[in-house]
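Notes for the one structure printed next.
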Amino acid sequence: MKAAILEQLDRITIKELPEPVCGDREAVIAVKACAVCGSDLRIFHYGNDRVKLPAIMGHEIAGIVLETGKEVTRIKPGDRIALGADVPCGECYWCQNGMGTNCAVNYAIGYQFAGGFQEKMLLNETVLKYGPVTPIADSLSFEAAALAEPLACALNGLELAQFSPGKSICIIGLGPIGCMMLELAKVFGASQVFAAQRSHKRLELARQFNNDARFIATEEEDLVASIKRETEGRGVDLVITTAGTVQAHADAIQVVAHRGYVNLFGGLKNQPPLTLDSNLIHYKECFVMGSHGSLPRHHQTAVRLIEKGAVNAEKYITARFPLENITEAFACHEERGGLKTIILPGNNKNGV
Ligand SMILES: [Zn+2]
Ligand SMILES: [Zn+2]
């Protein structure tokens, strides 16, 4: 079977590997779709402490169960499933207290565990015991199901920020996660939605996900001034920064309402730290927090929302490539700036 191996930074080779051997507490799946994530591209170029080369990346996965060990009861051969990325170890203090995204071990598929950029993959005992392994409806395409992983992270972000019906929201950064937040704002019954993105071009892509949002291209319009003007100076209940920039973090704290939440969702990479007037937080009594990853239950909710069409996952898919062309897929993803690129191991057709 074929696998895309990250052998060194900026170099992926397609190799023929032996078929995975399924232990008593393991399972083997045929990967039918695996979406490319921004974090895959970062690992490809810069590496990651949790990824020891050579490695197989890919953590937004859907496929069919081929084989299960004799002690496995959670899934059976023939099941159609989606996989999330974060796998709680199930045993550390954080996991045992329901905070698996803060797991001390911090396992993830496509990081310590070989991921979905291969034709067949092994689900180990920890993944099957504690991980995000969610059966999907027959009507759901594998490509759409693979996107439950990023959607789960968006759900975790909204949940931790106490988002609820009738609240207003501002999303800064309209990549795939920002667009998912736009759709979720409808699901959650947001009263007012602001959506900001630096360039007009990218912003246009996002319009299809929530027509009622007030879109702001920050290269042309002052985000802070516009939001203050349009909320009678009050600001918004939740500001979520899916763009990992210092400016986004600074603006978020400016436009959040009193007692509102700022979720610094997109982490800062290789940027100077944010300096801020902390009196803004003091006098607003606002909550500045972060979130990352998701729990298995978020992944289950994400699959159900996609199945119901509350989030239209198909709309995010802007390119598809066979596994053999993964390097080209990465380059296209970076150059063209679409939303989601899907890798189809084994040249699978959509939904097959
Ligand atoms: Zn991802
Ligand atoms: Zn843990």
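The sequence shown lines up with residues 9 to 360 when you count with the numbering used here.
Built from N, CA and C at the ideal position, the CB exists for glycine as well.
Review point. Contact check, LEU168 vs MET297 under 8 Å by CB: the rounded distance?
Key: 6 Å
Practice item. May I ask you to list the residues that DSSP assigns as paired with MET188? Key: Bridge partners of MET188: none, in fact.
Point to revise | Residue interval of the alpha helix (DSSP H) (run including THR335) | key: 334 to 344
Point to revise | According to DSSP, residues forming a beta bridge with ASP94 | key: ALA116
Exercise for review: Would you identify the three-state DSSP class for GLU322, choosing helix, strand or coil?
Suggested key: helix
Point to revise | C-alpha gap between ALA256 and ILE180, whole angstroms | key: 6 Å
Point to revise | Distance cut-off 7 Å: GLU157 Cβ against heavy atoms of ligand 1 | key: yes
Check your understanding: Does the beta carbon of ALA116 fall short of 7 Å from some heavy atom of ligand 4?
Key -> You won't find ligand 4 in this model; what it holds is ligand 1 and ligand 2.
**Study point:** Check your reading: residues with Cβ closer than 7 Å to ligand 2 heavy atoms
**Key:** PRO96, CYS97, GLY98, GLU99, CYS100, TRP102, CYS103, GLY108, CYS111, ALA112 and VAL113
**Study point:** Nearest residue (CA-CA) to LYS323, options ASP146, CYS187 and THR21
**Key:** CYS187
Point to revise | Contact test: HIS67 Cβ vs ligand 1 heavy atom, cutoff 7 Å | key: yes
Review point. Pairing CB atoms from the stretch 280 to 297 with CB atoms from the stretch 261 to 270, are three or more of them under 8 Å?
Key: yes
Check your understanding: Nearest to CYS340 by alpha carbon, out of VAL254, LEU331 and ALA327?
Key -> ALA327
Point to revise | C-beta atoms of PRO143 and ILE89 nearer than 8 Å | key: yes
**Study point:** Which of helix, strand or coil DSSP assigns to GLY359
**Key:** Confidence at GLY359 is low in this model, with a pLDDT of 41, below 50, so its placement is unreliable and no value can be given for it.
Point to revise | Beta-carbon proximity of ILE361 to ALA154, cut-off 8 Å | key: Shown here, the chain extends from 9 to 360; a query on residue 361 therefore has no answer.
Check your understanding: Using the C-alpha atoms, what's the distance from PHE273 back to PHE196?
Key -> 18 Å
Point to revise | 8 Å CB neighbourhood of LEU190 in its chain, flanking five on each side removed | key: ILE179, LEU182, VAL201, ALA203, ALA214, PHE217, ASN218 and ALA221
Exercise for review: Using DSSP bridges, identify the partner residues of ASN271.
Suggested key: ILE248 and MET297
Check your understanding: Is the beta carbon of CYS30 sitting closer than 8 Å to the one on LEU136?
Key -> no
Check your understanding: At which residues does the alpha helix (DSSP H) containing PRO158 begin and terminate?
Key -> 156 to 168
Check your understanding: How many Å lie between PHE192 and ALA310 at the Cα?
Key -> The sequence as given places Leu at residue 192; Phe does not occur at that position. In a straight line, the C-alpha of LEU192 is about 10 Å away from that of ALA310.
Check your understanding: Buried or exposed: SER176, going by 16 or more other Cβ atoms within 10 Å of its Cβ?
Key -> buried
Point to revise | Three-state secondary structure (DSSP) of THR142 | key: strand
Exercise for review: Please go through the same chain and pick out, in chain order, the residues whose beta-carbon is closer than 6 Å to the beta-carbon of GLU332, but skip the five residues on each side of it.
Suggested key: ILE22
Review point. Relative to the C-alpha of GLN16, which residue among MET9, ILE51 and ALA35 is closest?
Key: ILE51
Practice item. Assuming ASP165 and ILE248 form a contact by the criterion Cβ under 8 Å, report the distance between their Cβ atoms to the nearest whole angstrom. Key: Reading off the sequence shown, one finds Gly at residue 165, where the question assumed Asp. Between ILE248 and GLY165 the Cβ distance is about 6 Å, and since that is below 8 Å, they are a contact.
Review point. If we count the other Cβ atoms within 10 Å of its Cβ and call it buried at 16 or more, is ALA156 buried or exposed?
Key: buried
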